[in-house]
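Chemist: Just dropping this structure here.
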Amino acid sequence: MKKHFVNVCLFSVLALGTVACNSDDNAPTEQVNPYEKFKGTWTGSFSGNTQGGNWTATFDTNGKAMGTLTTGNFTFDLEGQVSENGEITAKYKNDTTEVGTMTGTMTETTASGTWKSPLLNIEGTWEGSKN
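The numbering used here numbers the first residue of the sequence shown as -5 and each following residue consecutively.
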(Lines of atoms letter the chains of each structure in order from A and count residues from 1; the text may use other names and numbers.)
(Lines give C-alpha, C1' and ligand atoms only; values in the text may rest on other atoms or scores of the structure.)
Protein backbone atom coordinates (compact mmCIF):
# COMPACT_ATOMS: atom_id res chain seq x y z
CA MET A 1 0.00 0.00 0.00
CA LYS A 2 2.84 2.36 0.90
CA LYS A 3 4.53 1.69 -2.47
CA HIS A 4 1.25 2.32 -4.28
CA PHE A 5 0.81 5.64 -2.38
CA VAL A 6 4.35 6.79 -3.29
CA ASN A 7 3.74 5.94 -6.97
CA VAL A 8 0.47 7.91 -6.98
CA CYS A 9 2.20 10.92 -5.37
CA LEU A 10 5.10 10.76 -7.83
CA PHE A 11 2.74 10.46 -10.79
CA SER A 12 0.67 13.43 -9.52
CA VAL A 13 3.73 15.66 -9.18
CA LEU A 14 4.93 14.76 -12.67
CA ALA A 15 1.49 15.32 -14.19
CA LEU A 16 1.07 18.67 -12.42
CA GLY A 17 4.55 19.76 -13.51
CA THR A 18 3.76 18.94 -17.12
CA VAL A 19 0.50 20.90 -17.04
CA ALA A 20 1.86 23.89 -15.09
CA CYS A 21 4.97 24.43 -17.20
CA ASN A 22 4.40 25.84 -20.63
CA SER A 23 7.14 26.86 -23.03
CA ASP A 24 5.31 30.19 -23.58
CA ASP A 25 5.53 31.09 -19.88
CA ASN A 26 9.07 32.40 -20.28
CA ALA A 27 8.55 34.11 -23.63
CA PRO A 28 8.94 37.91 -23.47
CA THR A 29 5.70 39.83 -23.81
CA GLU A 30 5.59 42.28 -26.68
CA GLN A 31 4.68 45.75 -25.53
CA VAL A 32 2.57 47.72 -27.97
CA ASN A 33 3.07 51.49 -28.13
CA PRO A 34 -0.44 52.98 -27.69
CA TYR A 35 0.55 56.07 -29.71
CA GLU A 36 1.87 54.14 -32.73
CA LYS A 37 -1.56 54.23 -34.43
CA PHE A 38 -1.48 58.06 -34.42
CA LYS A 39 2.14 58.44 -35.55
CA GLY A 40 2.63 60.25 -38.84
CA THR A 41 1.54 63.38 -40.68
CA TRP A 42 -2.05 64.56 -40.46
CA THR A 43 -3.78 67.32 -42.44
CA GLY A 44 -7.17 68.93 -42.24
CA SER A 45 -9.31 72.02 -42.33
CA PHE A 46 -11.30 74.16 -39.93
CA SER A 47 -14.24 76.49 -40.24
CA GLY A 48 -16.39 78.64 -38.04
CA ASN A 49 -17.37 82.25 -37.66
CA THR A 50 -14.27 83.33 -39.63
CA GLN A 51 -12.98 82.43 -43.09
CA GLY A 52 -11.52 79.08 -41.98
CA GLY A 53 -8.28 77.51 -43.06
CA ASN A 54 -6.02 74.47 -42.96
CA TRP A 55 -3.81 72.71 -40.47
CA THR A 56 -1.08 70.11 -40.58
CA ALA A 57 0.65 68.25 -37.75
CA THR A 58 3.12 65.44 -37.31
CA PHE A 59 2.59 63.06 -34.38
CA ASP A 60 5.57 61.25 -32.85
CA THR A 61 5.76 57.93 -30.98
CA ASN A 62 4.85 59.67 -27.69
CA GLY A 63 1.64 61.20 -29.07
CA LYS A 64 3.11 64.69 -29.25
CA ALA A 65 2.11 66.84 -32.23
CA MET A 66 3.92 69.74 -33.89
CA GLY A 67 2.62 71.62 -36.90
CA THR A 68 1.03 74.75 -38.31
CA LEU A 69 -2.42 76.27 -38.65
CA THR A 70 -2.99 78.66 -41.56
CA THR A 71 -5.84 81.09 -42.10
CA GLY A 72 -5.74 83.85 -44.70
CA ASN A 73 -2.31 85.48 -44.51
CA PHE A 74 -1.61 84.22 -40.97
CA THR A 75 0.28 81.07 -39.96
CA PHE A 76 0.35 79.92 -36.34
CA ASP A 77 2.48 77.32 -34.60
CA LEU A 78 0.43 74.30 -33.56
CA GLU A 79 1.39 71.90 -30.78
CA GLY A 80 -0.60 69.27 -28.97
CA GLN A 81 -0.88 65.85 -27.41
CA VAL A 82 -3.11 62.86 -28.10
CA SER A 83 -3.99 60.48 -25.28
CA GLU A 84 -3.82 56.70 -25.57
CA ASN A 85 -7.57 56.58 -26.19
CA GLY A 86 -7.53 59.26 -28.91
CA GLU A 87 -8.48 62.45 -27.07
CA ILE A 88 -6.56 65.36 -28.58
CA THR A 89 -5.79 68.75 -27.09
CA ALA A 90 -3.74 71.33 -28.95
CA LYS A 91 -2.99 75.01 -28.89
CA TYR A 92 -2.00 77.38 -31.62
CA LYS A 93 0.05 80.48 -31.01
CA ASN A 94 1.70 83.46 -32.62
CA ASP A 95 5.27 83.52 -31.29
CA THR A 96 4.64 83.17 -27.53
CA THR A 97 1.02 84.38 -27.44
CA GLU A 98 -1.57 81.60 -27.30
CA VAL A 99 -4.27 82.45 -29.83
CA GLY A 100 -6.58 79.45 -29.40
CA THR A 101 -7.13 75.79 -28.64
CA MET A 102 -8.36 72.70 -30.45
CA THR A 103 -9.93 69.67 -28.78
CA GLY A 104 -11.41 66.50 -30.22
CA THR A 105 -10.96 62.81 -30.88
CA MET A 106 -8.79 60.76 -33.20
CA THR A 107 -8.99 57.26 -34.61
CA GLU A 108 -6.23 55.54 -36.57
CA THR A 109 -7.20 57.47 -39.73
CA THR A 110 -9.54 60.36 -38.91
CA ALA A 111 -9.83 63.22 -36.43
CA SER A 112 -12.42 65.89 -35.62
CA GLY A 113 -13.41 68.33 -32.92
CA THR A 114 -13.92 71.96 -32.02
CA TRP A 115 -11.65 74.97 -31.78
CA LYS A 116 -11.95 78.31 -30.05
CA SER A 117 -10.03 81.53 -29.70
CA PRO A 118 -11.07 83.48 -26.61
CA LEU A 119 -8.48 86.09 -27.61
CA LEU A 120 -10.36 86.79 -30.87
CA ASN A 121 -13.82 85.71 -29.61
CA ILE A 122 -14.30 83.14 -32.41
CA GLU A 123 -14.91 79.37 -32.56
CA GLY A 124 -15.80 76.53 -34.89
CA THR A 125 -15.14 72.93 -35.89
CA TRP A 126 -12.19 71.10 -37.42
CA GLU A 127 -11.55 67.78 -39.12
CA GLY A 128 -8.65 65.92 -40.62
CA SER A 129 -7.11 62.64 -41.68
CA LYS A 130 -3.84 60.78 -41.60
CA ASN A 131 -1.79 61.01 -44.79
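Don't be surprised by glycine CBs; every beta carbon is placed ideally from N, CA and C.
Since this is a predicted model, take the numbers as computed values, not measurements.
On the CB-based measure, 16 or more other CB atoms within 10 Å of its CB, does F68 come out buried or exposed?
Modeler: That one is exposed.
Chemist: Quick one: what does DSSP say K31 is sitting in, helix, strand or coil?
Modeler: Three-state DSSP puts K31 in a helix.
Chemist: Count the other CB atoms, across all protein chains shown, that sit within 10 Å of the CB of V76; report buried if there are 16 or more and exposed otherwise.
Modeler: buried
Chemist: To the nearest angstrom, how far is it from the Cα of G118 to the Cα of E78?
Modeler: 25 Å
Chemist: Report the start-end ranges of each beta strand (DSSP E) in the segment 44 to 95 that is 3 residues or longer and not cut off at the edges.
Modeler: Considered as a whole, the segment 44 to 95 harbours 47 to 53, 58 to 65, 68 to 76, 81 to 88 as its complete beta strand (DSSP E) runs of no fewer than 3 residues, in chain order.
Chemist: How is T119 classed by DSSP in three states: helix, strand or coil?
Modeler: It is a strand residue.
Chemist: Between the Cα of T83 and those of T64, T91, M96, spot the shortest distance and give me the residue it belongs to.
Modeler: M96
Chemist: With burial defined as no fewer than 16 other Cβ atoms inside 10 Å of the residue's Cβ, what is the status of L113: buried or exposed?
Modeler: exposed
Chemist: DSSP on T97, reduced to helix/strand/coil?
Modeler: strand
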